[in-house]
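Visitor: Note that the working numbering has the sequence shown beginning at 984, numbered continuously upward. The beta-carbon is built from N, C-alpha and C at its ideal position, and this holds for glycine as well. The structure is given below, and queries will be raised subsequently.
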Amino acid sequence: MAPRPVPNGKNTKSVFIKTYGCQMNVYDSERMADVLAPIGYAAVDTPDHADLVILNTCHIREKAAEKVYSELGRIRKHQKSNNPDMKVAVAGCVAQAEGAEIKRRAPVVDMVLGPQTYHRLPEMIAKVTRETGDVLETDFDTVEKFDALPAGRNAKGYSAFLTVQEGCDKFCTFCVVPYTRGAEVSRPVDQIVAEARSLASQGVREITLIGQNVDAYHADGPDGSQWGLGNLIRHLAKIGGIDRMRFTTSHPRDMDADLIETLATEPKLMPYLHLPVQAGSDRVLDAMNRGHTYAHYRDLIARIRAARPDIALSGDFIVGFPGETDQDFEDTMNCVREIGYASSFSFKYSVRPGTPGASLPRQVPEDVKSERLKRLQELLYMQQREWNESLIGKTLDVLVEGTARGDGQLFGRSPYLTGTHFDGPEELIGQIVPVTITSAGVNSLVGSIAKT
Ligand code: SAM
Ligand code: SF4
């Protein structure tokens, strides 16, 4: 595949970036490409002949971290033996958490860079190319990173992520994020507005504001007052060309009345909310250090549904946290039955070295975790299917993102973020098209263009 052109037209080198994990990594990978473009690196879709391979990694669960080492093994065996000049970088949260250990386990790696240092990629590459040694950069200056990134974005497609907040001060006892991403930092309003305008000018129609705790966003607004996420959303919604907005991930402790009101009143804000609860038992929520009870979460959901009755609710769940009893797990099942989810993500608790959860007594055996996850997912997938089936016969506005696998089929997203397939001409890519839903599965919808 030919390298994609870079802004200054000097396409002398190629970079392949593989992204693992969350939306923030998707965003970071795009920004790494933006940082590398001015020094002549064009992004390519395969590592085979790339001059630089970057693995942008995830450390949230053990499996995610281990995948990186398997990929490094493949790179050493196949790509690097054919292309000895290839440079290999490990970026993201595994880089932050494991640092120099990565080089010891995988000598093929030339650079290890944490999530707050990728704006310095050009100087790291220069260092490695001059062979003055391997590079290990795992500083924590989030503000410096955002100040140093290019203001313009090289947009891909019609829907884009935009980081508005990064890091976390909540220290849930199972989670590595506060250690790998650092303290909570919000970006200044004008920086976010400039980035949103740059995306809109390149044809992006939907922006998802992202942050580890996006609802904790706070910064000085242009009017001199402190702005929360609600204010920021209403301000960005005025940008011409941006037709849809979303935000993720929310935390039950940070969703304030203004944000709930914005969900009710801002027409560009889509009716979808990812608001993880993790567990339905107060004892487990306390041991997880979530800082709220199940009753708080349930009341919050009631307020959100009163404000936006058609909201599609999504959540995260962890089963088998240390000390979780059969009754605690039943509380999680009852939470799911009571709340009702349109989509979800559910996981077995994964011990993360260095987090308080790792040293808690009464770790739950693997077979018990697997059994609980199976029961929970059966319930969640049934709810997801029912939600999707309730949309049959309705006409939904679908933002068309591209072609689907089937001949002549297009793929897009409904307001509820559900993947939607329908027949139509490629000229519709990038447009918002009314689609009447004709059938539904657990993960996607099928429809046809609405007759006018
Ligand atoms: N900030 C978000 C919140 O508090 O809800 C979540 C961010 S985290 C990147 C995404 C999800 O990964 C969490 O909601 C949790 O369900 C899951 N997760 C985090 N650490 C985990 C662990 N050690 N084992 C299993 N799942 C985990
Ligand atoms: Fe991790 Fe908890 Fe912070 Fe979410 S709120 S990123 S789960 S520590």
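Can you check the segment 1084–1167 for any alpha helix (DSSP H) of at least 4 residues that lies completely inside it and give the ranges in chain order?
Guide: The segment 1084–1167 contains these whole alpha helix (DSSP H) runs: 1084–1088, 1104–1112, 1125–1131 and 1160–1163.
Visitor: Assign threonine 1435 to buried or exposed, taking buried as 16 or more other Cβ atoms, counted over all protein chains shown, within 10 Å of its Cβ.
Guide: As a first step, residue 1435 must be located in the sequence shown, where it is residue number 452. Classification for threonine 1435: exposed.
Visitor: Measure the Cβ-Cβ separation of lysine 1063 and methionine 1069 and say whether it is below 8 angstroms.
Guide: Looking up residue 1063 in the sequence shown gives position 80. Looking up residue 1069 in the sequence shown gives position 86. Contact: yes.
Visitor: Pairing CB atoms from the segment 1311–1329 with CB atoms from the segment 1261–1280, are three or more of them under 8 angstroms?
Guide: In short, these stretches touch, since the Cβ pair count reaches three.
Visitor: Got a sec: is the Cβ-Cβ distance from histidine 1275 to anything in chain C below 8 angstroms?
Guide: Among the chains in the structure shown there is no chain C, since it carries only a single protein chain.
Visitor: The ligand SF4 and tyrosine 1195: does the residue's C-beta get closer than 7 angstroms to at least one heavy atom of that ligand?
Guide: The sequence position of residue 1195 within the sequence shown is 212, counting from 1. First, the residue type needs correcting, since residue 1195 is glutamine and not tyrosine in the sequence shown. Yes.
Visitor: If we ignore side chains and look at the alpha-carbon of each, how far apart do histidine 1234 and asparagine 1066 end up?
Guide: Taking the sequence shown and counting its residues from 1, the one referred to as residue 1234 is at position 251. Taking the sequence shown and counting its residues from 1, the one referred to as residue 1066 is at position 83. The alpha-carbon atoms of histidine 1234 and asparagine 1066 are separated by roughly 45 angstroms.
Visitor: Taking Cβ positions, are glycine 1376 and isoleucine 1415 nearer each other than 8 angstroms?
Guide: The residue given as residue 1376 occupies position 393 in the sequence shown. The residue given as residue 1415 occupies position 432 in the sequence shown. No, the Cβ-Cβ distance between glycine 1376 and isoleucine 1415 is not below 8 angstroms.
Visitor: Please indicate yes or no: does the CB of phenylalanine 1312 lie closer than 7 angstroms to some heavy atom of the ligand SAM?
Guide: Counting from 1 along the sequence shown, the entry for residue 1312 is found at position 329. Result no, Cβ not under 7 angstroms from the ligand SAM.
Visitor: Thinking C-alpha only, which one of Met1228, Thr995, Ser1053 and Cys1041 is nearest histidine 1032?
Guide: Counting from one through the sequence shown, the residue named residue 1032 turns up at place 49. Comparing Cα-Cα distances from histidine 1032 to each of Met1228, Thr995, Ser1053 and Cys1041, the minimum goes to Thr995.
Visitor: Got a sec: does the ligand SAM put a non-hydrogen atom nearer than 7 angstroms to the Cβ of tyrosine 1324?
Guide: As a position in the sequence shown, residue 1324 is number 341, starting the count at 1. No, the ligand SAM has no heavy atom inside 7 angstroms of this Cβ.
Visitor: To which residues of the same chain is glycine 992 closer than 6 angstroms at the C-beta, ignoring the five residues directly before and after it?
Guide: What you label residue 992 is simply residue 9 of the sequence shown in a count that begins at 1. Residue confidence for glycine 992 is low, a pLDDT of 49 falling below 50, so the modelled location carries little weight; the figure read from the coordinates is stated next. Excluding sequence neighbours, glycine 992 sits near nothing in its chain.
Visitor: Assuming tyrosine 1255 is part of the beta strand (DSSP E), what are its boundary residues?
Guide: Translated into the one-based positions of the sequence shown, residue 1255 becomes position 272. Start and end: 1255–1257.
Visitor: Using CA atoms only, rank isn't needed, just tell me which of Val1073, Ala1080, Glu1049 and Tyr1200 is closest to proline 1090.
Guide: Counting from one through the sequence shown, the residue named residue 1090 turns up at place 107. It is Val1073.
Visitor: With 16 other CB atoms within 10 Å as the buried threshold, where does isoleucine 1284 fall?
Guide: In the sequence shown, the residue the question calls residue 1284 occupies position 301. That one is buried.
Visitor: Confirm, please, whether the CB-CB distance from serine 1181 to alanine 1240 is below 8 angstroms.
Guide: As a working mapping, residue 1240 is identified with position 257 in the sequence shown. As a working mapping, residue 1181 is identified with position 198 in the sequence shown. Cβ atoms of alanine 1240 and serine 1181: not closer than 8 angstroms.
Visitor: Quick one: residues in its chain with C-beta nearer than 6 angstroms to the C-beta of threonine 1401, no 5 flanking neighbours on either side, listed in chain order?
Guide: To locate residue 1401, count along the sequence shown from 1; it is residue 418. The answer, listed in chain order, is Leu1428.
Visitor: Here's the rule: buried if 16 or more other CB atoms are within 10 angstroms of the residue's CB, otherwise exposed. What is phenylalanine 999?
Guide: Mapped onto the sequence shown, residue 999 falls at position 16. Buried: at least 16 other Cβ atoms inside 10 Å.
Visitor: How far does the beta strand (DSSP E) with serine 1427 in it extend, from its first residue to its last?
Guide: Reading the sequence shown from its first residue, position 444 is the one you call residue 1427. Counting along the chain, the beta strand (DSSP E) containing serine 1427 begins and ends at 1427–1432.
Visitor: Go to leucine 1182, then tell me how far its alpha helix (DSSP H) extends in each direction, as first and last residue.
Guide: In the sequence shown, the residue the question calls residue 1182 occupies position 199. Here the alpha helix (DSSP H) through leucine 1182 covers 1172–1184.
Visitor: Pick out whichever of Thr1040, Asp1017 and Ile1243 has its Cα sitting closest to the Cα of proline 1105.
Guide: Position 122 of the sequence shown, counted from the first residue, corresponds to residue 1105. Nearest C-alpha to proline 1105: Asp1017.
Visitor: For the ligand SAM, is there a heavy atom less than 7 angstroms away from the beta-carbon of phenylalanine 1154?
Guide: Residue mapping note: residue 1154 aligns to position 171 of the sequence shown, counting from 1. Not so, every heavy atom of the ligand SAM lies at least 7 angstroms from the Cβ.
Visitor: With DSSP as the reference, label histidine 1404 as helix, strand or coil.
Guide: As a first step, residue 1404 must be located in the sequence shown, where it is residue number 421. If DSSP states are grouped into helix, strand and coil, histidine 1404 belongs with the strands.
Visitor: By Cβ distance below 8 angstroms, which residues in the same chain neighbour glutamine 1209 in space, the five residues on each side in sequence not counted?
Guide: Along the sequence shown, one-based indexing puts residue 1209 at 226. Excluding residues within five positions, the ones whose Cβ falls inside 8 angstroms are His1201, Ala1202 and Asp1203.
Visitor: Span of the beta strand (DSSP E) holding glutamate 1189?
Guide: As a first step, residue 1189 is located in the sequence shown; it is residue number 206 there, counting from the start. That run of the beta strand (DSSP E) goes 1189–1193.
Visitor: Is it true that the CB of tyrosine 1364 sits closer than 8 angstroms to the CB of isoleucine 1425?
Guide: For this step, residue 1425 is matched to residue 442 along the sequence shown. For this step, residue 1364 is matched to residue 381 along the sequence shown. Rather than isoleucine, the amino acid found at residue 1425 in this sequence is valine. It is a contact, given that the beta carbons lie within the stated cut-off.
Visitor: In whole angstroms, what is the alpha-carbon distance linking glutamate 1307 and isoleucine 1190?
Guide: Translated into the one-based positions of the sequence shown, residue 1307 becomes position 324. Translated into the one-based positions of the sequence shown, residue 1190 becomes position 207. For glutamate 1307 and isoleucine 1190, the distance between alpha carbons rounds to 38 angstroms.
Visitor: Tell me, please, whether the segment 1211–1218 touches the segment 1238–1257 by the rule of three or more beta-carbon pairs shorter than 8 angstroms.
Guide: The segment 1211–1218, when compared against the segment 1238–1257, does touch it at the 8 angstroms Cβ threshold.
Visitor: Would you check whether the ligand SF4 has a heavy atom nearer than 7 angstroms to the C-beta of valine 1334?
Guide: Position 351 of the sequence shown, counting from 1, holds the residue named residue 1334. No, the ligand SF4 has no heavy atom inside 7 angstroms of this Cβ.
Visitor: Proline 986 to methionine 1015, Cα distance in whole Å?
Guide: The residue given as residue 986 occupies position 3 in the sequence shown. The residue given as residue 1015 occupies position 32 in the sequence shown. Low confidence applies to proline 986: its pLDDT is 47, below 50, so where it sits in the model is not reliable enough to give any reading.
Visitor: Who are the Cβ neighbours of arginine 1229 in its own chain at under 8 angstroms, not counting the five residues just before and after it?
Guide: Your numbering for residue 1229 matches position 246 in the sequence shown. Correct list, in chain order: Glu1189, Ile1190, Thr1191, Leu1192, Leu1252, Met1253, Tyr1255 and Leu1400.
Visitor: Put threonine 1276 into one of helix, strand or coil per three-state DSSP.
Guide: Your numbering for residue 1276 matches position 293 in the sequence shown. Note: threonine 1276 maps to coil in three-state DSSP.
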